[in-house]
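Colleague: Start counting at 1 in the sequence shown, then tack on 1116, and there's your number in my numbering.
Cβ coordinates follow ideal geometry from the N, Cα and C atoms, glycine included.
Before I ask anything, let me first share the structure, which is written out below as structure tokens.
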Amino acid sequence: MWVEKTKSGNYKFVERYKDYLTGKEKKASVTLEKNNASTRKQAAELLAGIIAERQTAPAALEEITLKKLVSEYLACKEKTVKMSTYRRDYYQCQAFKEMLGEDTLVNHLTASYIKNRFIASGEDNSRLNERRIRLMTLLNWGFENDYIRDVTFLRKFKPFPDDPHKVKIQDKYMEDYELEAVLNVMDHERWKLFTEFLVLSGLRIGEAVALNREDVDFDNQCIHVTKTYDANNKIVTTPKSFCSIRDVYMQPELFQLCRKINIFIRKESIFLGYRSNLFFPNENGTFIIYNSYNKYLKKVTLEVLGRKLTAHSLRHTHASLLLANGVVLDAISRRLGHENSRVTRRIYLHITKKLKERDNDQIRDLKII
């Protein structure tokens, strides 16, 4: 530090320092009225503070374990996401701790280590690819929040090859004749009605389960979708996304089915002695249990079609039937309640290809001239 006398008679105390960001030397100064032992000490303290404030060097990252990172990540997620999303992230993170070791220092992770540990788990490739995406989300969050120095190594952590038994797009939905065959063998009236409702409306199962009687608007021929049932946490919550809040038009076939469901539920409630405001409750007036319905649907579809289908497959079936009948993709997306769907587009391409093949078959043997 040195001292310069100013024209006004005051004293400027100056100190050089090396800027962290540029690597160049810079000056810091402070002006006081006197130059004595006391003011020199005061100036030194002030200059130290100014230099510290100007320096942009980040604080050194402490070594953090995967266990600690997961704890911080979940604490953040618990405050910012829906409970269903939090539970999904929670169980994924527990799997990461088991696969990679909870005491592993995250700043020492490498792509090869992660890949080898994933393979050693014995899980199939489709499952590993799902975990890969979730792990990258966790590590990127750690980088953005200054727990991890660098995540560029993740570029080397490539997706695992698709399994040869990967489900084909045509196995994600039913053709009209397959749907008819499945409905014909359903001997459980409640589940048959519920299956027809999901196919004709295209609602997600959680959206259907959460419907109240007033949500099914017969006067305006529409179903007001404003909520969903979270089966894991047993709560009614907001839909999957903003686009999921919508009015679904009740075409005549769906309109008549909803009336049929109303009559079925009223008769059952009188016979079994329950009261419920739900449009389609369980036998005791409470929310339908997902697993019970999916178990029944898987059993029937395996027997009839030779493959297991879930409630979500009925949503794809709804989309495929609309596509096959000439409804445009944008209209279907609005009805389903999303802006974009990779699976719906794949179904669209598959259906379009099939329709072209059918058209070609009809024209192939024609003799026009």
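In three-state DSSP terms, what is F1380?
Modeller: The answer is helix: DSSP assigns F1380 an H, G or I state.
Colleague: Between Y1412 and the rest of its own chain, which residues show a CB-CB distance below 7 Å, the 5 nearest in sequence each way excluded?
Modeller: Excluding residues within five positions, the ones whose Cβ falls inside 7 Å are H1304 and W1307.
Colleague: Does the segment 1192 to 1205 come close enough to the segment 1220 to 1231 to have 3 or more Cβ pairs within less than 8 Å?
Modeller: At 8 Å Cβ cutoff, the stretches do not touch.
Colleague: Could you check the C-alpha separation between T1417 and V1364 for me, to the nearest Å?
Modeller: Near 27 Å, if we compare the C-alpha coordinates of V1364 and T1417.
Colleague: Leaving out five residues on either side along the sequence, give the residues of the same chain with a beta carbon under 7 Å from the beta carbon of D1287.
Modeller: R1423.
Colleague: Can you give me the start and stop residues for the alpha helix (DSSP H) that L1254 sits inside?
Modeller: L1254 -> alpha helix (DSSP H) spans N1241 to E1260.
Colleague: Does the beta carbon of A1159 fall short of 7 Å from some heavy atom of the ligand ZN?
Modeller: Within the structure as shown, the ligand ZN is missing, as the structure has no ligands at all.
Colleague: Look at the alpha carbon of L1241 and the alpha carbon of F1273, and state the distance between them as a whole number of angstroms.
Modeller: The sequence given here has Asn at residue 1241, not Leu. When rounded, the distance between both Cα atoms is 14 Å.
Colleague: Evaluate the contact criterion for the segment 1343 to 1361 versus the segment 1314 to 1325: three or more CB pairs, one atom per stretch, below 8 Å.
Modeller: Yes, since at least three Cβ pairs between the segment 1343 to 1361 and the segment 1314 to 1325 fall closer than 8 Å, the two stretches touch.
Colleague: Looking at the unbroken beta strand (DSSP E) that takes in C1359, where does it start and where does it end?
Modeller: Taken as a continuous stretch (DSSP letters only), C1359 belongs to no beta strand (DSSP E), as it is neither H nor E.
Colleague: Who are F1129's beta bridge partners in DSSP?
Modeller: DSSP lists V1119 and V1146 as partners of F1129.
Colleague: So if DSSP puts I1339 in a beta bridge, which residue, or which two residues, is it bridged to?
Modeller: Answer is V1332 and V1364.
Colleague: For T1433, which of helix, strand or coil comes out of DSSP?
Modeller: Three-state result, T1433: helix.
Colleague: Can you tell me where the beta strand (DSSP E) holding D1292 begins and where it ends?
Modeller: Per DSSP, D1292 belongs to no beta strand (DSSP E); it is in the alpha helix (DSSP H), D1292 to V1301.
Colleague: To the nearest angstrom, how far is it from the Cα of E1384 to the Cα of E1369?
Modeller: Near 23 Å, if we compare the C-alpha coordinates of E1369 and E1384.
Colleague: To which residues of the same chain is F1403 closer than 6 Å at the C-beta, ignoring the five residues directly before and after it?
Modeller: So the list reads V1325 and Y1345, once near-sequence residues are dropped.
Colleague: Does the beta-carbon distance from L1182 to K1213 come in below 8 Å?
Modeller: Their beta carbons are under 8 Å apart, which means L1182 touches K1213 by this criterion.
Colleague: Which residues share a DSSP beta bridge with I1235?
Modeller: Note: I1235 sits in no beta bridge, so no partner.
Colleague: Return the bridge partner residues of D1475 from the DSSP annotation.
Modeller: Answer is none; D1475 lacks a bridge partner.
Colleague: Once you ignore the five residues that flank N1245 on each side, which residues in its own chain have a CB closer than 7 Å to its CB?
Modeller: Excluding residues within five positions, the ones whose Cβ falls inside 7 Å are P1275 and F1276.
Colleague: According to DSSP, is L1482 helix, strand or coil?
Modeller: Here L1482 sits in coil by DSSP.
Colleague: By DSSP's criteria, T1344 is part of a beta bridge. Which residues make up the other side?
Modeller: Partner(s): T1353.
Colleague: When DSSP labels each residue in this structure, what does E1486 get in the three-state scheme?
Modeller: Outside the displayed range of the chain (1117 to 1485) lies residue 1486, so it cannot be described from this structure.
Colleague: Could you check which residue in L1394, K1350 and V1341 has the C-alpha nearest to that of N1328?
Modeller: Here the closest residue by C-alpha is L1394.
Colleague: Which class does L1270 belong to by DSSP, given the choice of helix, strand or coil?
Modeller: Helix, per DSSP.
Colleague: Helix, strand or coil: which one does DSSP assign to E1161?
Modeller: Correct three-state label for E1161: helix.
Colleague: Pull up the distance between the alpha-carbon of R1170 and that of T1147, whole angstroms please.
Modeller: Roughly 18 Å separates the two Cα atoms.
Colleague: What does the alpha-carbon distance come out to for the pair K1123 and K1150?
Modeller: Each residue's Cα considered, the two are about 14 Å apart.
Colleague: Please classify G1258: is it buried, with 16 or more other beta-carbons within 10 angstroms of its beta-carbon, or exposed?
Modeller: Under this definition G1258 is a buried residue.
Colleague: Let me know if C1192 comes out buried or exposed under the rule of 16 or more other beta-carbons within 10 Å of its beta-carbon.
Modeller: Exposed, since its Cβ has fewer than 16 Cβ neighbours within 10 Å.
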